[in-house]
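A short write-up of the structure that comes next.
Numbering (full-length UniProt numbering), first residue to last: 1 to 144.
Put into structure tokens, the structure is as follows:
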């Protein structure tokens, strides 16, 4: 739950880095909240709009964490545009090709989202995991 709240504390931060845990916990809690709100009129429209910017910022920061630019989020867009225009013009073969290109872009983004953090600092900031890049990770002490 802390990861979900952390994303709401920096909803317009498109320049730093975020860990996998932050990204996926936000996605999971956001999905569960969306399921709960799905049957409430008007709220089921407002909530996705409200969460759009923090979710986008978190996705950009996740890409930054692996050393990629946030522009990679646009990867599926050309295929989706091709598919949309082709379907509108009833050119279903081309729409299928565009959908395939969009799917490949989506798969690439999924792979990026599950990759481990780039060790040490990169051009987007320090590693949020605390890895110094020299192979010695900071480990938390667990007290039972």
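Idealized CB from N, CA, C, for every residue including glycine.
Looking only at 32, 71, 98, the smallest Cα-Cα distance to residue 84 is reached by 98. Residues 102, 105, 106 of the same chain have their beta carbon placed closer than 6 Å to that of residue 76, with the five preceding and five following residues left out of the count.
Rounded to the nearest whole angstrom, the CA to CA distance from residue 18 to residue 5 is 13 Å. The C-beta of residue 58 has 16 or more other C-beta atoms within 10 Å across all chains shown, which makes the residue buried.
The DSSP-derived three-state label of residue 122 is strand. Residue 6: member of the alpha helix (DSSP H) spanning 2 to 9, first to last residue.
CA-CA distance, residue 37 to residue 114, rounds to 27 Å.
Boundaries of the alpha helix (DSSP H) harbouring residue 34: 20 to 37, taken from the DSSP string. Three or more pairs of CB atoms, one per stretch, sit closer than 8 Å, so the segment 117 to 129 contacts the segment 56 to 74.
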